[in-house]
Every structure is written in structure tokens, then in C-alpha cells.
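**Q**
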Amino acid sequence: MQIVRMPVQAGADLDGFRRAARRLIAHGVPPEAVEWNAGTETSLFGEAIESYAAAPPLSLPRAAGELIELVVCHRDPERFALLYRLIWRLLHGERALLEVRSDPLVHRLEAMRKSVLRDLHKMHAFLRFRETTDPDGGERFVAWFEPEHDILAATADFFVERFRSMRWSILTPAGSLHWDRESLTFGPPAKKSDAPDSDSFEAAWRRYYESTFNPARANPKAMRQHMATKYWRNLPETEAIPEMLRTAPQRAQEMIARGAALPTKRDPALAVAAMANQEPHSLEELNRLIAASEPLTPGADRAVLGEGPIGADIAFVGEQPGDQEDREGRPFIGPAGRLLDRVLSEVGIDRTQVYVTNSVKHFKYEPRGERRLHKKPNPGEVKRYRWWLLKELELVRPHFVVALGGTALLGLTGKPLSVMKKRGPMKFGAFSGYATVHPSYLLRLPDPAAKQQATEAFRHDLERVAAMVADRSARSS
Ligand code: URA
7 MQIVRMPVQA
17 GADLDGFRRA
27 ARRLIAHGVP
37 PEAVEWNAGT
47 ETSLFGEAIE
57 SYAAAPPLSL
67 PRAAGELIEL
77 VVCHRDPERF
87 ALLYRLIWRL
97 LHGERALLEV
107 RSDPLVHRLE
117 AMRKSVLRDL
127 HKMHAFLRFR
137 ETTDPDGGER
147 FVAWFEPEHD
157 ILAATADFFV
167 ERFRSMRWSI
177 LTPAGSLHWD
187 RESLTFGPPA
197 KKSDAPDSDS
207 FEAAWRRYYE
217 STFNPARANP
227 KAMRQHMATK
237 YWRNLPETEA
247 IPEMLRTAPQ
257 RAQEMIARGA
267 ALPTKRDPAL
277 AVAAMANQEP
287 HSLEELNRLI
297 AASEPLTPGA
307 DRAVLGEGPI
317 GADIAFVGEQ
327 PGDQEDREGR
337 PFIGPAGRLL
347 DRVLSEVGID
357 RTQVYVTNSV
367 KHFKYEPRGE
377 RRLHKKPNPG
387 EVKRYRWWLL
397 KELELVRPHF
407 VVALGGTALL
417 GLTGKPLSVM
427 KKRGPMKFGA
437 FSGYATVHPS
447 YLLRLPDPAA
457 KQQATEAFRH
467 DLERVAAMVA
477 DRSARSS
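Numbers in our numbering are just positions in the sequence shown, counted from 1, shifted up by 6.
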């Protein structure tokens, strides 16, 4: 048997692997006849391989495509050989192979997939940007991270989406990624010392602190009692205090002259925007503000921002992110999100075309050992986020708003309304909308028959939503 040596680049060479696998399959080369040379630029049989004509894409189950995309990022030198063995078997009579969890190959690939996913989650949650300056004087945020696997390319979309309006670089020992607000480039490996060491979070935190500071309430005496002034200088957020105090009377006067509502402790979201004179004009600006805000519970990883196209036909508003949403930084991707996705697709609504967000942007939870148990936000907390939610909808401009559950109703109307009483079409300010139950409510129903019936009613609600939206676009076209 002639051994074919397949060259692929070191790292997660997804395209190289796909091309190679297509050619090998097209020529009927079995897995045992292939040697994968990751890291080798040329192949002993380079000419033979070049002579393999470009082959058509393979017809694989969707789950296999997703698995391949993740497993190529794994640093196991055998990854390409294992994946090719999987492809070969899928195309040679074992199409349902991935469902056989006990198969040693499937078992090993699944463990690799999970390990890469964990690495991605860690990078999304723990990467910290530090502020620095480009040679042209522009602001750039730089982060150093040491992933376990080659996930830099796989993670690019996530960071571009999150920080589209910033210039940033992510440096790792295996390569670097640079975003200049328009294009993404991959660069060479970096060293830790290439990243700045003063923490930009200090600056962001300080800006946030400044923006929440209420000059009308400034009470220097009380502040000094709480913390001796000699310590102020050394803390990022308190460095700003002397200057803020000096300018407080003038800033308060200016606010009164502008007719701005004086921010109060009870409405800190308004305070954040009004005080800094930074009413957000775009969703990105608003998101920056939300991302810099404090979580309800210390320990929540991040603010989970809304997701979906601006001008979407429908915006779905939920309660607050759950454990999985907090870890991954995306709304409705846990069990409730999966149920929502299923029903959306059953009624013909494309999730990628709708806007999905939450009334409360941070995960509130109770630690229970290793686990973080969801804790319902109280009405005060929901109202704290209300200004942001309304501003968000104003900037997203959906044609129709769907409230999922009581917290969403409270966030949207400011009133503690019963979903069961309000269920159906309703107005949310200027928006036409619809109130229905939250998918988590369906998941919690213990009785299977009741659950099935309630899910059916939820599907019926979303069918009505789809029909109302279709009717509206037919009338306006
Ligand atoms: N429940 C919600 O309301 N929002 C999420 O993002 C997830 C679960």
C-alpha cells in the first residue's frame, strides 16, 4: 500500500484539512494509507498530491461539520488522522456514527470537542484588554492570552462582534489577531512582554465611576470619612475624585441649565448616561456603557448584550442571562434558548433575523457549591436596567416586540403585570407587540402533559406573532 503524506499547516488549518480530505476521499484513499504532516510545509509526495484535482465538498451530517471545525483547533497531533477516519466511516456506511457515543473514535473526538469549547469559553470570559496607543496616536486595546488549543481563528468572530468599534489586538504565543474597526489580520506569535501591563479596566472603571458620580449629591466630608484622601490617589476609580469634586458645583449648574433630570440613586442607569453627558447615539455606544456597568451579583462574568440585526422585524425580550449565557456572553443559548430556537423554527421565524435581548443584562445567581443557581431579579433591579432596555429598542428599531414572561413585561412597561392576564397582542410605548410566557416556565413544568399543552400554547402565540408581522409587512409594501 502506498502511503500518501498529506501536508497541512501547523495549528487549526481547517481549510487545508478540508481540501486534503476532499481530495483523498475523491481518490478513495483509506485512512490507514494517509500520513498527516501537520507542521511540514512540503510533502514528499507533493507532486502527486498537487496532481489530485480539486475535489467537490463532502456531504457530511451537519453535526460532523461542527465537530470538525472545533476539533481541528485541538493541539493533539493526531487530530487530522482521527477526523479523516471519522469522515471515511461516515461516508462508508456509518452515517449515524456520531450517535454511537460508545464508539472509541466518537468518544475521543467528543472529548476533544469539549476541551476546545472549554478553551473558547475561557478565552471569552477571561481575556482582558489593556489600553495602549498606536503609533498614529489612536487608542488600541491589547490583550495577552495563552489558550490551550489553536482557537485564535475560531474566536475571531466573537471578539469582532463584541468590540467592533474599537481597535484591538489579541496576542498569543501561537499567533496574533488585529482588528482595525474594518478588517481583521492574523499576525505572528507574540510574547507576553509585547502586551502593555497597565490595566485598561482601570481606565474603563474610572470612566464609569466618573459617569455615575452625582455632583448634586457630592458630600466631600462624608467621602473623607469613608476613605482617607491619601488613599484616593492609588486607586484607579478614586484618582478621579478630587477633580470631580472641584468641578461638581459647576457640573450640577450646567445640568440644571440644560433641564436635564438630576440623576438620583434610584435611577442610576439614567445617571450613567446623563452625568457623563453621553446619551448614546448608537447601539455600540450604549453597549459600551452597559458592558462597563456593575453586575447585580459579584462574580457574574459579564454583561450579556442583545444580539441580532438592527431594524429586525421582531425583538424578543427575556428576563436575564442564565449561567451558560453569562459564560459565553450571548443571550438565550442555554436550555431556554434552545427551546425558543426550536419553536421559532417550527413557526418559520429565523432566529438569525430577529433581535434577542434581556430586560436585565447581568446574571444574578446564588452560589451552591460549584453551581450557580438562577435568582430572579427583583423589581428594583429590573427598573435599574429599564432605561437601557428602552434605549436599546429605540436604537434597534424593531417593528414588533415580544415580551417573554413577567420580568420582560415589567422591563418594557414599568408595571408589574401578570403575563397570564396580558397574554396576547399589546402595545409597549410606540411598539406594537405581544406578551407571552417565558420558555423557562415551560421547562420547569413538572407534569409532562401540562408541559406539552403549555408548549403548544406558546407555539400558537409565536405563530400569531409571525402572522401579525407578515401582515404588517404586506400592508406596508
Ligand atoms: N433566560 C432569559 O430570559 N434570557 C436568557 O438569555 C437566557 C435565559
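Beta carbons are placed, not taken as given, at the ideal position from N, Cα and C, and that holds for glycine.
Predicted, not measured: the structure shown is a model, and the values here were computed from it.
For Glu-188, which option in Met-172, Leu-177, Asp-200 has the closest C-alpha, if you only look at C-alpha atoms?
**A** Cα-wise, what sits closest to Glu-188 is Met-172.
**Q** Taking 7 Å as the limit between beta carbons, can you name the residues of its chain near Gln-231, skipping five residues before and five after?
**A** For Gln-231, the pLDDT reaches just 45, beneath the cut-off of 50, and the residue's location in the model is therefore unreliable, although a value from the coordinates is still provided. So the list is empty, once near-sequence residues are dropped.
**Q** Looking at the ligand URA, does it come within less than 6 Å of Ala-463, judged from the CB to the closest heavy atom?
**A** No - the ligand URA has no heavy atom lying nearer than 6 Å to the Cβ of Ala-463.
**Q** Could you pull the start and end residues of the beta strand (DSSP E) that Gly-181 belongs to?
**A** 181 to 185 is the extent of the beta strand (DSSP E) around Gly-181.
**Q** Can you give the Cα-Cα distance for His-444 and Glu-331, rounded to whole angstroms?
**A** Between His-444 and Glu-331, the C-alpha separation is close to 16 Å.
**Q** Quick one: which unbroken beta strand (DSSP E) runs of 3-plus residues sit fully inside the region 131 to 189? Chain order, please.
**A** Here the runs fully enclosed are 136 to 139, 145 to 150, 174 to 178, 181 to 185.
**Q** Would you be able to state if there are at least three C-beta pairs under 8 Å between the region 355 to 368 and the region 293 to 312?
**A** Output reads yes: the region 355 to 368 touches the region 293 to 312.
**Q** Any contact between the region 335 to 350 and the region 383 to 399? By contact I mean 3 or more CB pairs, one from each, below 8 Å.
**A** Counting Cβ pairs under 8 Å, fewer than three are found: no touch.
**Q** Return the CA-CA distance between Ala-480 and Ala-473, expressed in angstroms with no decimal places.
**A** Taking the straight line from one Cα to the other gives about 10 Å.
**Q** DSSP state of Arg-223, grouped into three classes?
**A** For Arg-223, the predicted model reports a pLDDT of 49, less than 50, meaning its position is unreliable; a value from the coordinates is still stated below. Three-state DSSP puts Arg-223 in a helix.
**Q** So with Cβ pairs under 7 Å, would you call Thr-442 a contact of chain C?
**A** Here chain C cannot be found, since the structure has a single protein chain.
**Q** Does the separation of the CB atoms of Thr-363 and Val-407 fall below 7 Å?
**A** No, Cβ-Cβ distance for Thr-363 and Val-407 is not below 7 Å.
**Q** Do the CB positions of Phe-151 and Phe-135 come within less than 7 Å of each other?
**A** Contact: no.
**Q** When the Cα of Asp-477 is compared with those of Gly-193, Ser-438, Tyr-447, Leu-345, which residue comes out closest?
**A** The residue with the shortest Cα to Cα distance from Asp-477 is Ser-438.
**Q** Val-122 and His-80 - do their beta-carbons sit closer together than 7 Å?
**A** Contact: yes.
**Q** State the DSSP-derived secondary structure class of Ser-424, mapped to helix, strand or coil.
**A** The answer is coil: DSSP assigns Ser-424 none of H, G, I, E or B.
**Q** What is the rounded straight-line gap between the Cα of Asp-329 and the Cα of Gly-340?
**A** Rounded to the nearest angstrom, the two C-alpha atoms are 8 Å apart.
**Q** Heavy atom of the ligand URA less than 6 Å from the Cβ of Gly-328, yes or no?
**A** Answer for Gly-328: yes, Cβ within range of the ligand URA.
**Q** For the candidate residues Ala-436, Leu-415, Met-426, whose alpha-carbon lies nearest to that of Glu-400?
**A** Closest by alpha carbon: Ala-436.
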